[in-house]
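Structure first, commentary second.
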Amino acid sequence: MQEQTVGLIGLGFMGRGIAGCLIAHGLHVVSYTLARSEFEQAREAIAQAIEELIENAGYDPSLRDEWRGRYVEAASLQDVASCTFIIESITESAEAKHRLFADLEAIVSPETPIASNTSALPISLLQQGRLRPERFLGMHWAEPAHCTRFLELIRGEHTNDASLQAAERIALQLRKDPCIVQQDIPGFIVNRIAYAMYREACNLLHLGIADADTIDKAFRNSCGLWAGICGPLRWIDLTGGPALYGKTMTGVLPTLYNSPELPEPIASLMKAGATGIKSGQGFFSYTPEEAQAWEKIYRDQVWRMRAIAEEVFPISDHEPKTP
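Just so we're aligned, residue 0 is where the sequence shown starts under my numbering, counting upward by one.
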């Protein structure tokens with residue numbers, strides 16, 4: 000596989016996770032951030048990612064020392080000029096991203112793909128006003144970045160195949176199972192499906208159909224059993240097929256909550272500044288000890304589900320499927 004040097008712009012929570020993933024999988028990384036204190040946090044995140052991959056996924060212990068030779072902390076944005084691929088992971092602001100992209104276009108090769116880590120901003124919007132819009136694409140990550148197999152690669156209105164192929168090659172080197180989103184649509188794939196579920200769960204809570212614990216328990220003990228090995232469409236095929244679901248959905252669909260407004264429970268909690276386990280308050284309340292315990296439960300489960308997924312759907316270092 001061709002050696003890549005990735006320029007990573009932004010070392011916030013997501014950026015640090017991305018840095019750990021890139022370094023742990025053999026890539027050279029030049030990182031840049033305006034907040035110089037984030038460099039130390041990034042080094043800690045990389046070291047933690049490597050430890051977890053050694054412990055949970057059998058990665059070579061030599062990574063503990065070897066990675067530092069492939070990681071550069073840039074003194075200025077100019078230091079990413081020679082990178083062969085750029086990942087932007089700054090604040091979720093179209094204005095801020097446009098300013099950064101203008102600066103990048105002035106220093107990097109016209110052929111260098113530039114991927115934006117975004118979960119909500121339209122890629123086509125970010126391409127507007129660019130000198131070479133065809134080399135811009137979306138790259139939607141999930142946390143923890145170094146152990147999940149998820150990565151959405153989004154084609155904007157002007158994105159060319161070469162840029163998507165370059166992104167897919169990197170995704171495969173990172174042991175990801177990349178999803179190519181061929182049309183730029185709000186929320187891409189996973190968030191559109193997930194937000195529909197979140198909206199209905201909030202509606203059930205608001206209507207008093209069940210409390211939060213019961214709603215979570217129902218989901219956990221049903222969808223939680225199959226979601227790690229198949230998606231909703233495969234699940235339909237496994238449990239009666241479209242012929243059955245077409246009949247049963249007819250009676251339910253008209254009753255689902257479909258307002259464009261936020262459901263009341265999440266709207267109220269948002270106004271109250273509830274940030275879940277970070278603040279100790281969300282749909283549930285958490286002591287600091289409970290918050291820490293839930294973080295560990297989630298992280299441990301990610302590793303278990305990754306092992307199952309790799310057994311059922313092994314990832315090989317094949318060429319990109321993008322045309």
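Built from N, CA and C at the ideal position, the CB exists for glycine as well.
Identify the continuous alpha helix (DSSP H) that holds Ile-122 and give its terminal residues.
-> Stepping through the sequence shown from its first residue, residue 122 is reached at position 123. Note, Ile-122: alpha helix (DSSP H), 122-126.
Below 8 Å between beta carbons: does that hold for Asn-145 and Leu-52?
-> Locating residue 145 in the sequence shown gives position 146, counting from the first residue. Locating residue 52 in the sequence shown gives position 53, counting from the first residue. The sequence given here has His at residue 145, not Asn. Taking 8 Å as the Cβ cut-off, His-145 and Leu-52 qualify as a contacting pair.
N-terminal and C-terminal residue of the beta strand (DSSP E) that His-27 is part of | Counting from 1 along the sequence shown, the entry for residue 27 is found at position 28. Where His-27 is concerned, the enclosing beta strand (DSSP E) stretches over 27-31.
Could you tell me the boundaries of the beta strand (DSSP E) in which Cys-178 lies?
-> What you label residue 178 is simply residue 179 of the sequence shown in a count that begins at 1. 178-180 is the extent of the beta strand (DSSP E) around Cys-178.
Sub-8 Å separation of Ala-266 and Ile-276 beta-carbons = Sequence index remark: in the sequence shown, residue 266 carries index 267 (1-based). Sequence index remark: in the sequence shown, residue 276 carries index 277 (1-based). No, the pair does not count as a contact, with Cβ atoms beyond the cut-off.
Measure the CB-CB distance between Ser-30 and Ala-73 and report whether it falls below 8 Å.
-> Counting from one through the sequence shown, the residue named residue 30 turns up at place 31. Counting from one through the sequence shown, the residue named residue 73 turns up at place 74. Contact flag set, yes.
Would you mind listing the beta strand (DSSP E) stretches within the region 31-86 that are 3+ residues and don't spill past its ends, in chain order?
-> 70-72
In or out: Ser-115 buried (at least 16 other Cβ within 10 Å) or exposed?
-> For this step, residue 115 is matched to residue 116 along the sequence shown. Buried.
Specify, as a first and last residue, the run of the beta strand (DSSP E) that Ser-115 falls within.
-> In the sequence shown, the residue the question calls residue 115 occupies position 116. Segment 113-115, the beta strand (DSSP E) holding Ser-115.
Rounded separation between Gly-6 and Glu-263 - CA only = As a working note, residue 6 is residue 7 in the sequence shown. As a working note, residue 263 is residue 264 in the sequence shown. Going from the Cα of Gly-6 to the Cα of Glu-263 covers about 42 Å.
How many Å lie between Leu-136 and Ser-162 at the Cα?
-> As a working mapping, residue 136 is identified with position 137 in the sequence shown. As a working mapping, residue 162 is identified with position 163 in the sequence shown. The alpha-carbon atoms of Leu-136 and Ser-162 are separated by roughly 7 Å.
Where the alpha helix (DSSP H) through Glu-263 begins and ends = As a working note, residue 263 is residue 264 in the sequence shown. Segment 263-270, the alpha helix (DSSP H) holding Glu-263.
Under the three-state DSSP convention, the category Ile-314 falls into = Taking the first residue of the sequence shown as position 1, residue 314 is located at position 315. Three-state DSSP puts Ile-314 in coil, outside helix and strand.
Own chain residues within Cβ distance below 6 Å of His-24, not counting five before or after | Against the sequence shown, residue 24 aligns to sequence position 25. Result list for His-24: Gln-172, Leu-173, in chain order.
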